[in-house]
Amino acid sequence: IFHTHGASEAFIDSKKGKQSDSIIGVGSRLSYILRKKYGYNVIHDTTAYDKINGSIDRNKAYNNAAAGISEILEKNPSIEVVIDLHRDGVGNAVHRLTTIDGKRTAQVMFFNGLSRNASGNIDYLYNKNLQANLSFSLQMKLKCMENYPDFAKPVYLKNYRYNMHLREKFLLIELGNENNTVEEAKNAMEPLAKVLDQVLTGK
């Protein structure tokens, strides 16, 4: 689990500079649940790939993340699943929220890069894992619908690659947005972990 935009994505009530209130803190919650409840071995990379020399630089974040994650994967070749956990940004008053088990819970959206634009394939962003990435996202979306019908937004498709070529089972997840609270974001990790376990184990 890692965060391309770890330094620049937080929530409406996050305390400035408090990592546990940021998307990295939410990733820590997901890591904990996957380890303790489901028994997975999890590496949580807390590197802020969008922070360069003390300043936020989102433009270079994906390149920085690619280098960092590639190194982790090289050292740990048995890693099966890679999750890039983001907080979405919508720039308006939309509040992506549902209720699960009586808790106010931020919604999730599975995001896929297609390595193509209106002119066709983007050759320098070739992704041999594209179909596997799409399949994994769709399985997650369908399992969410089965368990929690209002939890996951429609799968979002966009140009470019977003480092998804690094593994077949690569999820880029947009969690809630800037109008959600830290608690709502962290509440989403329990159902997300359950769905991920069901997809991976074929339950």
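In this note's numbering, each residue's number is its place in the sequence shown (first place is 1) plus 1000. Even for Gly, the Cβ is constructed at its ideal location relative to N, Cα and C.
Rounded C-alpha distance that separates K1203 from I1079: 21 angstroms
Check whether the Cβ atoms of V1155 and S1137 lie closer than 7 angstroms to each other. yes
C-alpha gap between R1104 and D1123, whole angstroms: 43 angstroms
Could you give the first and the last residue of the continuous beta strand (DSSP E) run that contains A1106? K1103 to A1106
Near R1116, which residues of its chain fall below 8 angstroms by C-beta distance, leaving aside the five closest residues on each side in sequence? I1122 and N1159
Can you tell me which of the three DSSP states G1054 falls into? coil
So E1174 is in the beta strand (DSSP E); what residue range does that whole segment cover? K1169 to L1175
Cα-Cα separation, S1022 to L1114: 28 angstroms
Straight-line Cα distance separating R1161 from N1127: 7 angstroms
Assuming D1084 is part of the beta strand (DSSP E), what are its boundary residues? V1081 to R1087
So which of T1099, H1086, N1059 and G1091 has the shortest CA-CA distance to M1109? H1086
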